[in-house]
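Just so we're aligned, residue 1 is where the sequence shown starts under UniProt numbering, counting upward by one. The next block holds one structure in the form of structure tokens; read it before the comments.
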Amino acid sequence: MHYKIKEVADMAGISVRMLHHYDKIGLLDPESVSDAGYRLYSDENLDRLQQILFFKELNFPLQEIKIILDSPNFNKKEALETHKQLLLEK
């Protein structure tokens, strides 16, 4: 399924402008762009956005988040377990 940028912004509780910024710096590229110019995001993009927001919550700079998520050693399952543990500690 594909989501328009406004739908993603509303689901994530962030601004469309922030998603444009993430696209501009290569942190979160849309899955595709429609013929009408709409950025379209996939479920996989939403998973990556969730990770971005998690690392932002931990005060990681955006460039560092990009390096972490783009690393071939990044383990999504391990990151989710860490996120779960941190939420339980709150």
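Ideal placement from N, C-alpha and C gives every residue a C-beta, glycine not left out.
Straight across, the Cα-Cα distance linking Lys6 with Glu81 is about 29 Å. Rounded to whole angstroms, the Cβ separation of Leu27 and Ile65 is 7 Å, and the two are in contact under 8 Å. Distance from the CA atom of Leu46 to the CA atom of Leu88, rounded to whole angstroms, is 23 Å. Non-local beta-carbon contacts of Gln50 in its own chain, meaning distances under 7 Å to residues more than five positions away in sequence, are absent. Assigned with DSSP and collapsed to three states, Tyr38 falls in coil, not helix or strand.
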